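Take a look at the structure below.
2 protein chains.
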Amino acid sequence: MLHHVIELRFNDDTTDAQVEEMAAGLRGLREQIDTIRSMRMGRDLGLRADNFDFASLLEFDDQAGYLAFRDHPAHQQWVHDHVRPIIAERAGVLFLSP
Amino acid sequence: MLHHVIELRFNDDTTDAQVEEMAAGLRGLREQIDTIRSMRMGRDLGLRADNFDFASLLEFDDQAGYLAFRDHPAHQQWVHDHVRPIIAERAGVLFLSP
Chain A
1 MLHHVIELRF NDDTTDAQVE EMAAGLRGLR EQIDTIRSMR MGRDLGLRAD NFDFASLLEF
61 DDQAGYLAFR DHPAHQQWVH DHVRPIIAER AGVLFLSP
Chain B
1 MLHHVIELRF NDDTTDAQVE EMAAGLRGLR EQIDTIRSMR MGRDLGLRAD NFDFASLLEF
61 DDQAGYLAFR DHPAHQQWVH DHVRPIIAER AGVLFLSP
């Protein structure tokens, strides 16, 4: 299984509505991109001051499944419209696990 | 379920052996800390230049399970001995998902 791990730190002026719209958009991608095997996401609980604000965990069968997601127009539109405008920082890791 | 997501960027001089020792130590914590419900980890595949180097994904039943892990002496020793010396950056998120 290929794990796509993204952590986001939002801008100071990012609103809850913008975060919810971004998350709803990500959930919507599941209907449009059939290589996504699982999707979990959520906002940080605030137990540690230096944590990021949000994480999404997606799973794909393999690298081809991930690349289909990465290059899909709906994903790229979502990043342009709902992610880039509201984030100060992105931390990503893509790893394979048995 | 509570998701504990950690991404690490290693120092330039961090060796593969140090990374493997860190990962082996994390795997070893599963025997010592029984509140860990699942654990997955791996090194980034290198498909995107600005990605971090390593991610670990742990799951706990709830916040109490996470705090037992966070405050456990074995975990704190592992961070001191095997994580802090080899990392340039840490990105963490702790979130609840249904």
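Sequences listed follow chains A and B, in order.
Residues 1 to 98 (our numbering) make up the first sequence, in order.
Residues 1 to 98 (our numbering) make up the second sequence, in order.
For every residue, glycine included, the Cβ atom is placed at its ideal position computed from N, Cα and C.
Remember, it's a predicted structure, so these values are computed and weren't measured experimentally.
What separation, rounded to the nearest whole angstrom, lies between the Cα atoms of residue i and residue j?
i              : j              : result
N51 of chain B : A91 of chain A : 6 Å
I33 of chain A : F69 of chain A : 6 Å
D61 of chain A : G28 of chain A : 19 Å
E89 of chain B : R48 of chain B : 17 Å
V93 of chain A : Q63 of chain B : 24 Å
D99 of chain A : S38 of chain A : Residue 99 of chain A is absent from the structure shown; chain A starts at 1 and stops at 98.
H75 of chain B : E21 of chain B : 14 Å
P98 of chain A : V19 of chain B : 18 Å
E31 of chain B : H4 of chain B  : 18 Å
I36 of chain A : H72 of chain A : 12 Å
E59 of chain B : E59 of chain A : 16 Å
L96 of chain A : I6 of chain A  : 15 Å
Which chain B residues are close to residue i, counting only those with a beta carbon under 8 Å from its beta carbon?
i              : result
L94 of chain A : D44, L45, L47, R48 and N51
S97 of chain A : R40, M41 and G42
Write down the C-beta distance between residue i and residue j rounded to the nearest angstrom, noting that I regard them as a contact closer than 8 Å.
i               : j              : result
M41 of chain B  : A55 of chain B : 7 Å
F102 of chain B : D44 of chain B : Nothing can be reported for residue 102 of chain B: it is not among the residues displayed for chain B, which extend from 1 to 98.
G46 of chain B  : L2 of chain B  : At roughly 30 Å, the Cβ-Cβ gap does not stay under 8 Å, so G46 of chain B and L2 of chain B are not in contact.
L8 of chain B   : W78 of chain B : Wrong, their Cβ atoms sit about 13 Å apart, outside the cutoff.
L57 of chain A  : L67 of chain B : Not really, about 21 Å apart at Cβ, beyond 8 Å.
Residue i touches chain A at which residues, Cβ-Cβ below 7 Å?
i             : result
E7 of chain B : V5, E7, A91 and V93
Give the residues of chain A in contact with residue i, contact being defined as C-beta atoms less than 8 Å apart.
i              : result
L57 of chain B : H3, V5 and L57
Whose Cβ in chain B lies nearer than 9 Å to the Cβ of residue i?
i              : result
F54 of chain A : V93 and F95
How about residue i: is its C-beta nearer than 9 Å to some C-beta of chain C?
i              : result
Q63 of chain B : Reference to chain C is not applicable here, since the protein chains of this structure are A and B.
Quick test of the definition: if touching needs 3 or more C-beta pairs under 8 Å, does the segment 77 to 87 of chain B touch the segment 5 to 19 of chain B? Yes, they touch.
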